[in-house]
Amino acid sequence: MSKKMRLYFAVVMSAVILVFAYWNFGRAPRIVHNFNQDWEFHLGDIGAGDFASLEFEKISMPHEFTKNDVGVYRKEFDVSASWEGRSVVLDFSKHSGNVDFWINGAKANPNMSSGAGFEIELSPYLRYGEVNAIAMRLGKDAKVKTSAGIDGPVSLVVKNKLSIVRNGINISVSNEDNLSKIFARVRIINKLTTREVVSVHFKLKDSQGNNVAERELKTGIDGGALAMLSLEMKVENPIISTNQTPKHYTLQVSITKGQKVLDELSSKF
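Residue numbers for the sequence shown, in our numbering: 254 to 522.
Here is the structure:
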């Protein structure tokens, strides 16, 4: 191979490596967008499902209504082409009432099985690189006495298809003399079609950001399956409080495959 050809080959390989590095490491494993602004609201029912016939007012979340049994929310937003192939989830942290949901005119089912509020998987219905529209009908249920609505902030979450689920980190603590035992459970979902073997890293940090304990587990998760990992971490001579003020700790959980970080989430306690 001539010197010119070797130089050309080296330049091409460098470009390939840079593209590969960007694809694997340039994208954040989890992006959370504030989704509280630029909503529209109609007090009353949809009727025959004709949203175009309704009159809307501009509102921001959180929002609640008391005069009628039904309210309709609507919002348009840009969807980046770079989100294609990832899991795009709309997370409502807290709500009151029964929910019907549409994405670009298609009916979608909210997932209300994991704690307060609910989430919607938008990915199968999105038009990437375009403006998309969502609509939601919220009606009172038997538990709602005075009002219905979205009682907490709303987030749009973009993450990989193998990730920690909503409210997926649970922590309990047992203190004995100069030893604390931290019990952690993490739920991970694999929305891919293939079985994946990943490493799950647990880092326990004090209020100053110092590492006080660290563990790593490896697990295989089948495509379409949900896995739960449990472990115990021990901290000797923990700082529980200073002048009666409780001290906070943070558990950081990261999922990796090789050198790629698939997801990362922290929980304070």
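Idealized CB from N, CA, C, for every residue including glycine.
Based on Cα-Cα distance, which residue from the options lies nearest to residue i?
{"i": "Phe-288", "options": "Leu-479, Glu-429, Ile-387, Gly-392", "result": "Ile-387"}
{"i": "Phe-294", "options": "Ile-284, Phe-304, Phe-309, Ala-305", "result": "Phe-309"}
{"i": "Leu-409", "options": "Val-332, Arg-468, Thr-472", "result": "Val-332"}
{"i": "Gly-511", "options": "Ser-349, Val-352, Val-453", "result": "Val-453"}
{"i": "Gln-290", "options": "Val-352, Val-418, Met-314", "result": "Met-314"}
{"i": "Lys-393", "options": "Val-488, Asn-443, His-348", "result": "His-348"}
{"i": "Val-323", "options": "Ile-424, Ser-507, Gly-350", "result": "Gly-350"}
{"i": "Ser-416", "options": "Glu-317, His-316, Glu-337, Ser-507", "result": "Ser-507"}
{"i": "His-316", "options": "Glu-429, Arg-438, Pro-499, Leu-391", "result": "Leu-391"}
{"i": "Glu-429", "options": "Val-488, Lys-328, Ala-305, Phe-304", "result": "Val-488"}
Excluding the 5 residues flanking residue i on each side, which residues of the same chain have their C-beta closer than 7 Å to its C-beta?
{"i": "Pro-282", "result": "Lys-412, Asn-413, Val-514, Leu-515, Asp-516, Glu-517"}
{"i": "Asn-490", "result": "Asn-431"}
{"i": "Lys-311", "result": "Glu-293"}
{"i": "Asn-463", "result": "none"}
{"i": "Ser-378", "result": "Note on residue identity: the sequence assigns Tyr, not Ser, to residue 378. Excluding sequence neighbours, Tyr-378 sits near Ile-356, Asn-357, Ala-359, Ala-361."}
{"i": "Thr-509", "result": "Val-451, Ser-452, His-454, Leu-515"}
{"i": "Arg-380", "result": "Val-332, Asn-357"}
{"i": "Glu-197", "result": "One cannot answer for residue 197 here, as it falls past the ends of the chain, which runs 254 to 522."}
{"i": "Ala-305", "result": "none"}
Since residue i contacts residue j with CB under 8 Å, what's their CB separation in whole angstroms?
{"i": "Gly-476", "j": "Thr-446", "result": "4 Å"}
{"i": "Leu-375", "j": "Val-342", "result": "7 Å"}
{"i": "Asn-321", "j": "Gly-297", "result": "6 Å"}
{"i": "Asn-443", "j": "Ile-474", "result": "4 Å"}
{"i": "Arg-468", "j": "Met-486", "result": "6 Å"}
{"i": "Arg-440", "j": "Val-418", "result": "5 Å"}
{"i": "Phe-330", "j": "Asn-364", "result": "About 20 Å separates the two Cβ atoms, so there is no contact after all."}
{"i": "Leu-479", "j": "Phe-455", "result": "Between Phe-455 and Leu-479 the Cβ distance is about 19 Å, and since that is not below 8 Å, they are no contact."}
Going by DSSP, which residues form a beta bridge with residue i?
{"i": "Ile-356", "result": "Ala-359, Ile-387"}
{"i": "Gln-505", "result": "Lys-456, Ser-519"}
{"i": "Thr-472", "result": "Val-451"}
{"i": "Leu-409", "result": "His-286, Leu-343"}
{"i": "Phe-436", "result": "Ser-425, Glu-485"}
{"i": "Ala-401", "result": "Phe-318"}
{"i": "Asn-490", "result": "Beta-bridge pairing links Asn-490 to no other residue."}
{"i": "Asp-331", "result": "Val-384"}
{"i": "Val-323", "result": "Gly-392"}
{"i": "Ala-480", "result": "Ile-441"}
{"i": "Lys-311", "result": "Glu-293"}
{"i": "Ala-281", "result": "Looking at the DSSP assignment, Ala-281 forms no beta bridge with any residue, so it has no partner."}
{"i": "Val-514", "result": "Thr-509"}
{"i": "Glu-415", "result": "Residue 415 is actually Leu in this sequence, not Glu. Paired residues: Asn-443."}
{"i": "Phe-371", "result": "Phe-345"}
{"i": "Glu-337", "result": "BP columns for Glu-337 are empty, so no partner."}
{"i": "Asn-431", "result": "Asn-431 pairs with nothing; no bridge assigned."}
{"i": "Ala-466", "result": "Leu-457"}
{"i": "Asn-351", "result": "Gly-392"}
For residue i, I'd like the list of residues in its chain whose CB is within less than 6 Å of its CB, leaving aside the five on either flank, ordered along the chain.
{"i": "Ser-519", "result": "Thr-503, Gln-505"}
{"i": "Ser-427", "result": "Lys-434"}
{"i": "Gly-279", "result": "Its pLDDT being 43, under 50, Gly-279 is placed unreliably by the model, and the measurement read from it follows with that caveat. Within the same chain, Gly-279 has no close Cβ partners at all."}
{"i": "His-501", "result": "Ser-460, Lys-521"}
{"i": "Phe-382", "result": "Per the sequence presented here, residue 382 reads as Gly, with Phe not at that position. Within the same chain, Gly-382 has close Cβ partners Ala-334."}
{"i": "Lys-471", "result": "Ser-452"}
{"i": "Val-407", "result": "Phe-288, Asn-289, Met-314, Phe-345"}
{"i": "Met-389", "result": "Tyr-326, Phe-354"}
{"i": "Gly-300", "result": "none"}
{"i": "Ile-373", "result": "Leu-343, Phe-354, Ala-361, Pro-363"}
{"i": "Ser-425", "result": "Phe-436"}
Near residue i, which residues of its chain fall below 8 Å by C-beta distance, leaving aside the five closest residues on each side in sequence?
{"i": "Arg-339", "result": "Ser-376, Val-411, Lys-412, Asn-413, Lys-414"}
{"i": "Ile-284", "result": "Val-410, Val-411, Lys-412"}
{"i": "Gly-370", "result": "Asp-344, Phe-345, Ser-346, Lys-347, His-348, Gly-405"}
{"i": "Arg-448", "result": "Gly-473, Ile-474, Asp-475, Gly-476"}
{"i": "His-286", "result": "Ser-408, Leu-409, Val-410, Val-411"}
Hey, would you say the C-beta of residue i is under 8 Å away from at least one heavy atom of the ligand FMN?
{"i": "Asn-357", "result": "Inclusion of the ligand FMN in the displayed structure is not the case, the ligand content being empty and no account of it being possible."}
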